[in-house]
Every structure is written in structure tokens, then in C-alpha cells.
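All remarks here apply to the structure that follows.
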Amino acid sequence: MSQQAERPTRADSSTPAAADPDPLGVESGLEALQASREFDGPVEPLDGLEANEHIALFYESDEERFSAVVPYVRQGIERGERVMYVVDDAEEAAVRETLRSADYGFEGAIDSGQLTFHTVAETYLRTGRFDPDDMLSVYAEAMAEATAEYPALRITADTTWLLDEHTTIEDFMAYESRVNDLFRGEDCIALCQYDCGAMPDETLADVVRTHPHLIYDGTVCHNFYYTPPREYFEPDEPAREVRRMLGTLVERTRAKVERDETIEALEESNERLQRFAYVASHDMQEPLRMISSYLRLLEHKCGDDLGEDAEEYVAFAVDGADRMREMVDGLLSYSRVDMHDGTFESVDLDGVVDDVLADRRLQIAETDATVAVDAETADGALPTVLGDANQLEQVCSNLVSNAIKYGGDEPRVEIAARRRTDDWLISVADDGIGIDPAYADQIFEVFNRLHSVEDYPGTGIGLALCRKIVDHHGGDMWVDSRPGEGATFFFTLPAPE
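By the count of our numbering, the sequence shown reaches residue 527 at its end, each step adding exactly one.
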């Protein structure tokens, strides 16, 4: 049974993987964060901006720090790159343990030498003080060594060395300018880590102004405060900065007005579409009901006079009309999600699951299924969350029904819950036929089915409805599965304050 919470597909990293055909650059780093479960914040697209292979990560806590570092390092390992981690001497053991415990193949990458650790004393301060020329040669040598064996070099570095009493901001700015030139056009990218709690605000302000790509508070931004290092200390910089600031204000104002107008138009369009879908689906119910009723009446009244072929045709027509009604019911439920007023209340998931199991008792009995609940709470019961009870019952009912349907002989279903910082992570797992990871996102699309109706009956709306309800609750939903190894569906729900 699959139990890999928050773990997307990964490669075995005990040996370098096949080289990714795409060159390494800042776009790759952004893709790593976008695809990650650890990093769940917005990632601003480049949209044609000039990319600099240098990203600055500002963090307030280790959790915030590693939510970006882990997927960044993992992507490098999966692409078969050399990953160079420059770490503060006192933190090396803790960082190694953090990566090992993340269990994304880091253990094998460390053992094989694909992921290497280097202390600040061995790199930035190896001459006893920060020397830009020496550090540039360190990275030049690292690139040459890495690309002789691997397709690219990926660097992440701690920057506590900036607090060294012999290091000046002028030296750092000069280094920043030249290291950007060193990386330009090369298969190399760097993620620099800045501890907001340890570094003076004056230093952080300079770092902000000299990095075009920033990560802070779970968000990736492309920096309109950016000043190229070469310009930073030039005499006419104040005048250029004034023009840049004024231009930025104008651009942001125009963009905001255009965005607001677009949002308003889209909201009006969405409201019309939602009402159309609801009315159309609702109005289709009656003629479909009439078709089914009259066909059954015809079968009842004229059954003896109908030939074998005619009876078969009537049966096909009734089945088709019934399936169409099921699809219309599903579409009605799907369209109703957006019509909910968004007011949530405390919902006892234990009660929700009890109701679901009561409704599914016939399916459970017919398949000899067992359903177990395992929650990481004081009493082992499922938690109380914020939401709409009816909608959450639809989610649980669909997931439990699917787990039984695709669970094979005597299916076993496990429902679990784990508290995270601001929400609950709920999972529904089975030990059935599983899902090819290539279809992990497609199964959440309306009417997208992986199996024929003859093999596994259904409308193809259930999982799309589940994800839409979870999205409406401000959560996320995904699946972890392999063919023949069962499937685990995860979703998050807000916890009451």
C-alpha cells in the first residue's frame, strides 16, 4: 500500500541519472519549486525577463529554508547533476541529517559523491578572509570538475561568511558581479541562503538590491528593486535609481489597473458560465427521467411482444439514459461547489466518515472490504476541520468508493490524518491496481477516465469534484501511486484556530 505522503516521483539517485536534455538555468530552479510539495507558495513566471543564474533565498526559520532547498537539491539529483552544498562549518552535520531524513534519494547521492558538502572554511574563507578572486577560482574549478563527469553543476550556499569581520560589502558586490559573469552561458545555477535573523538589515538590503530573483515567505519574486552590481557603486547611480523607481511605480500601477479590470471581467464571465451549467444540468434531468421511465414502461407493457434484439436495444437505451443522468448529477454537484458562499464551520471528520461508511455498507459487504482509520491525534480519532460538511462527505465518499472499486479482491482501505503547521493532511489509501504516475494529474480532470465503463463503472467526474471541493476549501489534493502497488490520495484542509 502506498504511504509516501508529500513525495512526488523521484529517481533512484545512487548513481547519476541520464542527463536532462534541457540546459540548466534559473528556469530549472523555478520548475523545481513549482513541482514541489514542500514549497507550496506562488512562483512568479519569468515572462521574458532576463534571467540571472543566481537566486537569493531569504529565510526566517529552518522549515522555510529547507522548503526551498530540498526540492532544489532533489531536482539536481534527479537530473543527474553534481550538487555542491556549501554549508556553515557548525551546521554541516545538521544539514546532512536533514537531507538524509527527507528520504528523496539523498542518501545514495551523498554516498556516490553526486551530492557533496563543502564548508565555508574550505571555500569562501579558505585564505582566512573573503577574497573574490580566490572564490571565483573555487567555483571555476568546481564547474570544470563537475562537468567532466556530470551534465551540470548546481550550487547552494550558506552565506554566514558575510558576517566575517574582514568581509566588506564592497568586496561582496564586486564578487556578485563577476560570479554572474562566470555562470552566464554555463550549465550552472546557484541558490544562496540568507538568514534574516542573523544578518544585519543593512546587509540584507544590499543583497535584495543585487539579486534579480528572490525567494521569501514561500514566494518566488522577480525583483524590481534589482540593481546590477556593476551599476551599484557608480557615481550616477542615485539619478538612475530615481528613474528606475519612478518607472517601476508607473509600471506597477498600470499593471494593477489592467489586472483588476481583467479579474472583474473574468468574475462576471465565470458567474454566467456557472449559472448556465447549473441551469442546463438541472433542466436535462427531467427529459432523461422521462426517457428512462417510458423505456421501462415499454419493456413492461410490451415485453412479451418484443423480440430478443428489441429487448437488448431497450436495455442499452435505459442503461445509456441512466448513465447520462448520473453524469448530469455529477455536473450539478460540480457546478454547485462554486455557488457555495464560502462560509465554513467546524466539521468532525469522524462523523463524516461514519456517515460515509454507513452509506457504503452494501458496497463494503459485497466486496468483503475492510476500512481502517488511523489518525495522529490524542484519541486516535479523525480531527475537526473547517469546511462544509456536505461537500467533505462527497470527497470522502468518492475516495472510499474508488478505493474499494479499484482495490482488487477483499480490498483494504486506510484513512489517516496528520496535523501540519496550519492544516490537516488527510489520506485515503488502498492496496489495489494502482495508477501510472504519468496520469497522476489527468485523473482529476472532468470526464477523464483511465478504464472503460465496462471494466469499472463511473462517470469520470468524481475525482474532479473532489479536487474542486478541496480547492474551494483552500487545500490541495494529489495522488501517490504505482501500477500494482495501490494508491494513496492526499488532501489538506484548514484546521480551526
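The beta-carbon is built from N, C-alpha and C at its ideal position, and this holds for glycine as well.
Range covered by the beta strand (DSSP E) that runs through residue i
i: proline 524; result: 517–524
i: isoleucine 499; result: No beta strand (DSSP E) holds isoleucine 499; the alpha helix (DSSP H) holding it covers 492–502.
i: alanine 446; result: 442–449
i: glycine 417; result: 414–417
i: arginine 184; result: 183–188
i: tyrosine 246; result: 243–246
i: alanine 235; result: Element bounds for alanine 235: not the beta strand (DSSP E) but the alpha helix (DSSP H), 231–239.
i: glutamate 93; result: Note, glutamate 93: premise wrong, no beta strand (DSSP E); alpha helix (DSSP H) at 92–108.
i: tyrosine 224; result: 218–225
i: aspartate 404; result: 400–405
i: isoleucine 456; result: 453–460
i: glutamate 375; result: 375–378
Beta-carbon proximity of residue i to residue j, cut-off 9 angstroms
i: threonine 414; j: serine 457; result: no
i: cysteine 222; j: isoleucine 85; result: yes
i: leucine 495; j: isoleucine 473; result: no
i: glutamate 206; j: threonine 249; result: no
i: histidine 503; j: phenylalanine 346; result: no
i: threonine 186; j: tyrosine 89; result: no
i: valine 383; j: cysteine 426; result: yes
i: phenylalanine 202; j: phenylalanine 160; result: yes
i: tryptophan 191; j: aspartate 118; result: yes
i: tyrosine 180; j: leucine 145; result: no
i: arginine 112; j: leucine 166; result: no
i: alanine 447; j: threonine 407; result: yes
i: glycine 462; j: alanine 395; result: no
i: serine 511; j: isoleucine 465; result: yes
i: glutamate 329; j: glutamate 341; result: yes
i: glycine 505; j: aspartate 453; result: yes
i: glutamate 216; j: methionine 173; result: yes
Exposure of residue i, with buried meaning 16 or more beta-carbon neighbours within 10 Å
i: asparagine 210; result: buried
i: phenylalanine 520; result: buried
i: methionine 320; result: exposed
i: threonine 522; result: buried
i: glycine 410; result: exposed
i: proline 51; result: In this prediction, proline 51 has a pLDDT of 45, which is less than 50 and means its spatial position is unreliable; nothing more can be read from the coordinates.
i: cysteine 332; result: exposed
i: asparagine 432; result: buried
i: leucine 379; result: buried
i: proline 513; result: exposed
i: proline 317; result: exposed
i: alanine 48; result: With a pLDDT of 43 at alanine 48, under the threshold of 50, the modelled position of this residue cannot be trusted; read the value that follows with caution. Flag for alanine 48 reads exposed.
i: methionine 507; result: buried
i: threonine 157; result: exposed
i: arginine 244; result: Sequence check: residue 244 is leucine here, not arginine. Leucine 244 should be labelled buried.
i: glutamate 527; result: exposed
i: tyrosine 436; result: buried
i: valine 430; result: buried
i: proline 230; result: exposed
Counterpart residues of residue i in DSSP-defined beta bridges
i: phenylalanine 202; result: The partner list for phenylalanine 202 (beta bridge, DSSP) is empty, contrary to what the question assumes.
i: histidine 606; result: Because the chain here runs from 31 to 527, residue 606 falls outside it and cannot be looked at.
i: threonine 249; result: Tyr246
i: valine 11; result: The requested residue 11 does not occur in the structure, where the chain is confined to residues 31 to 527.
i: methionine 354; result: Answer is none; methionine 354 lacks a bridge partner.
i: isoleucine 85; result: Leu221, His243
i: valine 509; result: Phe519
Unbroken alpha helix (DSSP H) run spanning residue i, endpoints
i: glutamate 127; result: 122–132
i: leucine 192; result: Counting along the chain, leucine 192 falls outside any alpha helix (DSSP H), and DSSP gives it neither H nor E.
i: phenylalanine 160; result: Per DSSP, phenylalanine 160 belongs to no alpha helix (DSSP H) and is neither H nor E.
i: glutamate 137; result: 136–142
i: glutamate 396; result: 391–397
Residue of the options minimising C-alpha distance to residue i
i: glutamate 121; options: Glu179, Ser431, Ala176, Asp92; result: Asp92
i: aspartate 389; options: Gln424, Glu406, Val367; result: Gln424
i: arginine 401; options: Gly381, Gly158, Leu318, Leu387; result: In the sequence under discussion, the amino acid at residue 401 is valine, which differs from the arginine named in the question. Measuring from the Cα of valine 401, the nearest candidate turns out to be Leu387.
i: leucine 422; options: Asp452, Ala470, Arg497, Ala395; result: Arg497
i: methionine 354; options: Val344, Ser322, Met507; result: Ser322
i: serine 142; options: Glu127, Ile107, Asp164; result: Ile107
i: aspartate 418; options: Ala525, Val403, Glu298; result: Ala525
i: asparagine 300; options: Glu200, Val367, Phe136; result: Val367
i: proline 441; options: Leu455, Leu416, Ala399, Thr451; result: Ala399
i: threonine 233; options: Ala220, Arg208, Tyr246, Ile199; result: Ile199
i: glutamate 94; options: Asp439, Tyr224, Arg284; result: Tyr224
i: glutamate 137; options: Tyr343, Glu515, Arg104, His148; result: Arg104
i: histidine 252; options: Thr177, Arg449, Leu87, Ala295; result: Leu87
i: valine 100; options: Gly438, Gly110, Ser131; result: Ser131
i: alanine 151; options: Tyr246, Asp194, Ala468; result: Asp194
i: aspartate 247; options: Ser97, Asp439, Tyr436, Glu171; result: Ser97
i: histidine 196; options: Val168, Pro230, Asp404, Leu155; result: Leu155
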